[in-house]
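In what follows, a structure is listed as structure tokens, so that the remarks can point back to it.
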Amino acid sequence: MKENKIEHYTLKEIHEQSAVVQACLDAFTNQSIPALGEHIINLGFSSNFYLDINQIQIIACGSSLYASLVGKYLFEQVAKVPTIVHDAAKFRDAPREHPGFVKLLSREDNR
13 MKENKIEHYT LKEIHEQSAV VQACLDAFTN QSIPALGEHI INLGFSSNFY
63 LDINQIQIIA CGSSLYASLV GKYLFEQVAK VPTIVHDAAK FRDAPREHPG
113 FVKLLSREDN R
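The opening position of the sequence shown corresponds to residue 13 in my numbering, with each subsequent residue numbered one higher.
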């Protein structure tokens, strides 16, 4: 890499990744990653919204599909909410919604 100039956009993304993840966590939690299990994650919804969630489905493709698998792990381990990750190309055939269902969409940033 050249001084303050990245040879490839992908390298820039890789080098910025940890700071971006930390900034996202800081925006929605009171503490950093080590304390994640001890603090409430606040996304701005009422507390009743969270009580009614009994399943999360994440729809993604490409590399965001793999990132969504990390999200699945966190939702299941931290929030104790069953989570399914669907490949967006095959989502048409996925089970339909039911009460307590939350759908999240994930995409790659192709600038």
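For glycine and all other residues, C-beta sits at the position ideal for the given N, C-alpha and C.
Alpha carbons only, please: which of A35, N66, A72 is nearest the one belonging to R104? A72
On a Cα-Cα basis, can you pick out the residue from A91, T95, K102, H20 that is closest to Q67? T95
Tell me the residue span of the beta strand (DSSP E) that contains V97. 95-99
Suppose the cutoff is 6 Å on Cβ atoms and the five residues either side in sequence are ignored; what does the same chain contact list for I18 look like? K24
Mind checking whether V97 and K84 have CB atoms under 7 Å apart? yes
If we call anything under 7 Å between Cβ atoms a contact, is I65 one with S80? no
Continuous beta strand (DSSP E) stretch holding A72: start and end: 67-72
Assign F61 to buried or exposed, taking buried as 16 or more other Cβ atoms, counted over all protein chains shown, within 10 Å of its Cβ. exposed
8 Å contact criterion, which L77 and D99 should meet: CB distance rounded: 6 Å
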